[in-house]
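The block underneath contains the structure these notes are about, expressed in structure tokens.
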Amino acid sequence: MTRPDSLSLIMIALALFMTVASSLFAGAKGKEAFWRDLAPLWLFCLFACLTALASTWLSFIIGLELSTLSLFTVIRRGDEATSRLYLLAQLSGASVLLFATALGSSFGGNLPLGPVSEKLFPLFVIGLGVKAALPGLHFWLPRTHSQAPTESSALLSGYAVKMGIYGLLRLVDGPSPPLLLLGIVMALYGVVQALLQHDAKRLLAYHTISQLGFIVAALSTGTPLGRTAALFHVVAHALFKGLLFLSAGSLEKLYGSRDLNQLGRAGRDAPLLFGLFLVGASAIAGCPFTSGYAAKIVIKSALADQGQAVLGLQLAGLGTTLSFCKFGCYGFFRSLGNKKGGSPSGSPGKNAYAAMGLLALATIFLGITPLFLPLLPLGAKALLAPQALVDGLIPLVGGAALFALFPRLFRPRQGDVADVENALVPAGRLLLRPLAFLRRSHTGRLRTYIALIVAALIAIFHSL
Amino acid sequence: MNPVLAIVAPFLAAFTIPLFFVFRKRWIGSSIVLFGILSALLSLFVAAGGERAVVMGGWNPEVGITLVVDSLSTAFLILAALGFSASLSAATEAFGYGPWRFYVLFFLSWAATNGIILTGDLFNLFVFFEIFSVAAYLVVAYPPRSWQAIEAGFKYLIFGTVGALFLLIGIAYAFMATGQLNMAILARVLPRAPETTLSVVIGCLVVGLFIKSGTVPGHFWLPDAHSSAQTPVSALLSGVFVKVSLYALIRLTFLLFGNADGRVFFVLLLFGTVTLCLGHLMAFQQEDIKRLLAYSTVAQVGTIVIAIGCASAGGIAAAVYHAFNHMAAKMGLFLVAGVLAEDRASRDIAQMRGLFRHRPLFVLAFCLFAASIAGIPPLNGFMSKWFLLVAAAERGALIPAAAVVAGTVLSAAYYLRAITAFFSPAETEPPHLRPHPVTGAIVMLLALLGLVLALAPYIDPLREGLLAVGSDTSSGARYIGRVLQ
């Protein structure tokens, strides 16, 4: 193992921080609850750190699969079938990675973690893409994020998907136009889907896809600026998305539902929760002087020579604002379902507030520091430049204006919106049909079997 | 120590147990245990004794029967000793010492297995295969009360006989073409035979071994035999019997046809891939847990055949390594599945709910073995899969490698189905039947063996040993030199 560089160290710090916040939220009481709830989270943290320290692709894959397994045991408590989907999807991705790594490792030692030959590049992108939810390979993400227990949703969105991004950061060392295209598609697709959702956690899950699109677009430039931008957004997104997931989970704890049609009273019942939500929402929307703002300015300047890409990201930003206006409005203030407004049936608890407060503080800190310290390669001044402020405000103001002008258009709907995951069951059935034939061909008739053996013998004679 | 002792000791057991039955009934139990220990120890001593070739009766290698211990046979001797002793201990718990006929067959198959592994003579190999198979047919059908077991034994008998027929034809043609039966001499003279003869010899031998090892299209006997046999026998079938045929496959392909411009290896790659896919896809559809495990064995046989088909030192090392890993994991799986199925009085996966609360350690061991077979890192199954993938990549066999990788996901899916059933709550508590201390201990030892195997690439002697098996076997020169010195 080589000495960890700053990228690895940042990932490790992030993993530790996210796990602290998640386990604070889970807040296990008693010995049994500790082993059941917290041990898998910290096991995940351990394997995530090992993954970040890996110096070869093989050890990276080992860490990846182990971390998947430990999260699997947490998701299992939320929903059994979802956890199986998660495990199998992640295993498939890791298997593609393993295959590609084996191809790269033939005749000469383990493939070191880093750029690979051009032929293997697509395979690596597919393998990592399952983890990082590239378009089409994201089929597992919305369902997993929404059905998992809240603390693991926060970890999933905050760190697990970032392990795929970390792999991409190690993999990509030059400009990659296809990856840029994928990033923009992701950013837009995620936002469009998010606007159509009514389940709060599912909405957040689609925003995860959208924000990952920003990151993928940034790292696809291959320039140092782009990579720094991607890394900064990895950290920023982990913090604010963790915060948002925890606040959605707190809403669920309060009212027993995640459906935006059923919520809408929390503004009065739990103003502190709304305040924390606002920190996260303003950061993800890119409100000036937040971490999301700083990240997006740097991403846009890294993509400065790609006009259309920047335009796509601006559009995605606009959609993000719209979507969080909707979340804030129907989640906290306007009740659609129960007009009478009963009192909350539970309470998120002190530890949940502590976890969210921790993440909110970190988000604010990450938003303010770049204004004074040269944390980002652009320097502090670039963030305060009038041009940057205008750029940052356009999607914000535009989104808010759209939401105010067409409120009916953005009301939460009933029913689900189709996505790739809906194709899984029919596709599975289609694949199972030939399997039934295979089963029927095992008739138990010895004559057939021996005829097959003789046929194989003749085929072997022929080929030799 | 003379290698013949490893063959003689189990034979001695097989022939003296009936005598004890006639003259000293009370000694049967202790004699079975003692002979078991003796056979295992002698096998291990022969394995530890280093490489050598012994010609029986002091004849020339051309005429006499040679017994050869080299790195490959050492590895498989150890595998057989471990597998047979584990199965014997499980059998003494499952059946007691009453059914002495079973133990006669058991020791016969042990002796024949050691014979196959040690012999350097092609016809002698066939003879041992026949002894081994006859014992295996009967062991599968034991106890002859259920018609499924008898039908499975009968099916095995038919297939085994067809396989033996092909083996015999292949050996006969080789003998006709060269006038030799010693494998080391054959390795020198057989390549000079006419090309058509050579391809008939290769085809017959390979198909015969395919049937014996359960490679497609000779796999039809395997699921029935594995699922209908008693638990210790299923474990033995999957852990050792299948591996012996694979040993013969490695030995013959590399020694006799190693330089037949590699076409035989293409055949192995092809059939291995088909076997792997078919095994996983069939296992995916099973409702019966032992049938599921049996089809998983078919898939693992395919994996090992692919590793042999890579035709390199790395491939052989991966094949041997995977054979050990599969032995440890699949024997454990069969033993656990047998215990759990007995609790529920059903082998239907849907019926096997709520067993985690009932027997937590057994179920956890099942999870460990299943993860190892599926190839979840950093368990032993993953390690051997990795070496196999690298060997396949070096050979340029991309489709087999992709099939191996896809098989991981499929096998995770079907094992997950079984594990989910174990962990889900049950409507009725399973009745608490008898405890299984011996089986439990063996399962723990097998799990421990699996963990040691997982570390094998990091333990120098084990790693060097595996690599030596690969490099010695792939060229064959060392084997020939030792026999004909």
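Protein sequence lines correspond, in order, to chains A and B. The numbering of the first sequence is the numbering used here, which starts it at 1 and goes up by one. The numbering of the second sequence is the numbering used here, which starts it at 1 and goes up by one. Glycine included, each C-beta is placed from N, C-alpha and C at the ideal position. Predicted, not measured: the structure shown is a model, and the values here were computed from it.
Is residue i buried or exposed, if buried means 16 or more other CB atoms sit within 10 Å of its CB?
| i | result |
| --- | --- |
| Trp386 of chain B | buried |
| Tyr479 of chain B | buried |
| Arg440 of chain A | exposed |
| Asp5 of chain A | exposed |
| Ala350 of chain B | exposed |
| Pro61 of chain B | buried |
| Val390 of chain A | exposed |
| Trp140 of chain A | buried |
| Lys29 of chain A | exposed |
| Arg233 of chain A | With the sequence shown as reference, residue 233 of chain A is identified as His, and Arg is not the correct amino acid for it. So His233 of chain A ends up on the buried side. |
For residue i, name the three-state secondary structure that DSSP assigns.
| i | result |
| --- | --- |
| Asp121 of chain B | strand |
| Ala418 of chain A | coil |
| Pro4 of chain A | coil |
| Thr66 of chain B | strand |
| Ala345 of chain B | coil |
| Thr56 of chain A | strand |
| Asp305 of chain A | coil |
| Asp269 of chain A | helix |
| Asn325 of chain B | helix |
| Leu173 of chain A | First, the residue type needs correcting, since residue 173 of chain A is Asp and not Leu in the sequence shown. Coil, per DSSP. |
| Asp288 of chain B | strand |
| Pro112 of chain A | strand |
| Asp79 of chain A | coil |
| Asn114 of chain B | helix |
| Asn182 of chain B | strand |
If you drop the 5 nearest sequence neighbours on each side, which residues of the same chain put their C-beta closer than 7 Å to that of residue i?
| i | result |
| --- | --- |
| Phe257 of chain B | Ile202 and Val264 |
| Gly349 of chain A | Gly27 |
| Phe21 of chain B | Ile28 and Trp100 |
| Leu103 of chain A | Leu120 |
| Leu219 of chain A | Leu168, Leu169, Val172, Gly226, Arg227 and Ala230 |
| Ala112 of chain B | Phe128, Ile131, Phe132 and Ala135 |
| Ala317 of chain B | Phe387, Leu466, Leu467, Val469 and Gly470 |
| Leu446 of chain B | Ala86, Ala328, Met331 and Gly332 |
Between which two residues does the alpha helix (DSSP H) holding residue i run?
| i | result |
| --- | --- |
| Ala174 of chain B | Trp147 to Thr178 |
| Arg357 of chain B | Leu355 to His358 |
| Val390 of chain B | Asn380 to Arg395 |
| Phe333 of chain A | Where Phe333 of chain A is concerned, there is no enclosing alpha helix (DSSP H), given that its DSSP letter is neither H nor E. |
| Ser424 of chain B | Unbroken run through Ser424 of chain B: none, as it is neither H nor E. |
| Leu384 of chain A | Ala380 to Leu384 |
| Arg202 of chain A | Ala200 to Leu219 |
| Leu12 of chain B | Val4 to Phe23 |
| Glu429 of chain B | That residue, Glu429 of chain B, is in no alpha helix (DSSP H); it is neither H nor E in DSSP. |
| Ile480 of chain B | Ala477 to Val483 |
| His442 of chain A | Per DSSP, His442 of chain A belongs to no alpha helix (DSSP H) and is neither H nor E. |
Considering only residues of the same chain and omitting the five flanking positions on each side of residue i, which have a CB-CB separation below 6 Å?
| i | result |
| --- | --- |
| Gly29 of chain B | Tyr97 |
| Ala360 of chain A | Leu243, Leu276 and Val279 |
| Arg76 of chain A | Ser83 |
| Gly272 of chain B | Gly302, Val305, Ile306 and Gly309 |
| Gly163 of chain B | Gly208, Ile211 and Lys212 |
| Leu43 of chain A | Ser70 |
Taking the Cβ atom as the reference point for each residue, do residue i and residue j lie within a distance shorter than 9 Å?
| i | j | result |
| --- | --- | --- |
| Val236 of chain B | Val127 of chain B | Note that residue 236 of chain B is Leu in the sequence shown, not Val. Their beta carbons are not under 9 Å apart, which means Leu236 of chain B does not touch Val127 of chain B by this criterion. |
| Leu9 of chain A | Asn351 of chain A | no |
| His326 of chain B | Gly279 of chain B | no |
| Glu93 of chain B | His436 of chain B | yes |
| Ile394 of chain A | Gln314 of chain A | yes |
| Ala13 of chain B | Trp147 of chain B | no |
| Ser70 of chain A | Leu41 of chain A | yes |
| Leu108 of chain B | Phe132 of chain B | yes |
| Leu181 of chain B | Leu122 of chain B | yes |
| Leu7 of chain A | Ser55 of chain A | no |
| Pro407 of chain A | Pro224 of chain A | no |
Between which two residues does the beta strand (DSSP E) harbouring residue i extend?
| i | result |
| --- | --- |
| Val54 of chain B | Arg52 to Val55 |
Which residues in the same chain have their Cβ closer than 8 Å to the Cβ of residue i, if we skip the five residues on either side of it in sequence?
| i | result |
| --- | --- |
| Ala397 of chain B | Leu269, Ile306, Gly309 and Cys310 |
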